[in-house]
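Taking it in order: structure first as structure tokens, then the write-up.
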Amino acid sequence: MIPQKKKVSLFDGKTFNGWEGDTVKTWKIENGAIAGGSLEETVPHNNFLCTRKTYSNFILNVKFKLTGHEGFINTGVQFHSVRSKDPSYEMIGYQADLGAKFWASLYDESRRNKTLIAPDSVEVLKLVKLNDWNDYQVRSENGRIRIMLNGKQTVDYTEPDKFIPQQGIIGLQIHGGGKAKVFYKDIFIEEL
1 MIPQKKKVSL FDGKTFNGWE GDTVKTWKIE NGAIAGGSLE ETVPHNNFLC TRKTYSNFIL
61 NVKFKLTGHE GFINTGVQFH SVRSKDPSYE MIGYQADLGA KFWASLYDES RRNKTLIAPD
121 SVEVLKLVKL NDWNDYQVRS ENGRIRIMLN GKQTVDYTEP DKFIPQQGII GLQIHGGGKA
181 KVFYKDIFIE EL
């Protein structure tokens, strides 16, 4: 019998243990959650807080809350990704996207630079709790990617390009160009 892997917490609610990124200006810990961005100043460019460990097949569960009132209000969860060398603050890989017009879609960041698959925008707006906590799940298994928002599947995508990496780091994003702040908590991964 193969032993079952258990869910592992990626965030202890107090420290950035296991993560790397700009924890001086962009990323903070507030009330037991990871907070990125600012509601007072426009976020100058995309910024990511990343796991130090790489993952391949997994189920990732996070709670997120996206707030903002001016400019491009967007965030997302990178996976099977690497940090870009130029610009160094960017990432290359899949993003389970979040924000107006992109809720619970799958984007290919800094590689194909396009939305690979998106849910019906009217239906997804019925699911998302604006300015409140939402449950988000990303399941990646041998090139098949499924995304769930608040318990409902929004994306089921199978990667046709066998040369696209199916492993890498996980990154939490705050998108540049808006007065936006995102919060992440209850981050658990189950490796498959």
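In full-length UniProt numbering, the protein residues as written are 1 to 192.
Beta carbons: idealized from backbone N, C-alpha and C, even for Gly.
Note that the structure is a prediction, hence the values are computed from the model and not measured.
| query | result |
| --- | --- |
| With a threshold of 6 Å on Cβ separation, who are the neighbours of F168 within its own chain once the five nearest residues in sequence on each side are excluded? | Per the sequence presented here, residue 168 reads as Gly, with Phe not at that position. Closer than 6 Å at the Cβ level, and outside the excluded window around G168, lie T54, H80, S81, V82, G93. |
| With a CB to CB cut of under 7 Å and the five nearest residues on each side skipped, what residues in its chain are close to D22? | N47 |
| Sorted by chain position, which residues of the same chain lie with C-beta nearer than 7 Å to E20's C-beta, five sequence neighbours on each side aside? | C50, R52 |
| With L125 as the anchor, note down where its alpha helix (DSSP H) starts and where it stops. | 121-127 |
| Suppose you measure from the CA of I187 to the CA of F72; what does that come to, to the nearest Å? | 25 Å |
| Locate the beta strand (DSSP E) running through A33, then write down its first and last residues. | 33-37 |
| From the DSSP output, in three-state form, read off V43 for me. | coil |
| Thinking C-alpha only, which one of V182, S140, L172 is nearest E159? | S140 |
| Are the Cβ atoms of Y184 and N61 separated by less than 9 Å? | no |
| Please list the terminal residues of the continuous beta strand (DSSP E) segment that includes L116. | 114-117 |
| Could you have a look at K185 and say whether DSSP puts it in helix, strand or coil? | strand |
| So G178 and T42 are in contact, right, with Cβ under 8 Å, and what is the actual spacing, rounded? | 6 Å |
| Should W103 and L149 be called a contact, given that it needs their Cβ atoms to be closer than 9 Å? | yes |
| Given that a residue counts as buried once 16 or more other Cβ atoms are within 10 Å of its Cβ, and exposed if not, what is S9? | exposed |
| Can you tell me where the beta strand (DSSP E) holding T67 begins and where it ends? | 58-71 |
| Cβ of H45 within 9 Å of Cβ of G143? | no |
| Please decide whether K53 counts as near chain C, where near means a Cβ-Cβ distance under 9 Å. | Protein chains in the displayed structure number just one, and chain C is not present. |
| Which residue or residues does DSSP assign as beta-bridge partners of N74? | G99 |
| Can you pull the DSSP bridge partners for D135? | K63 |
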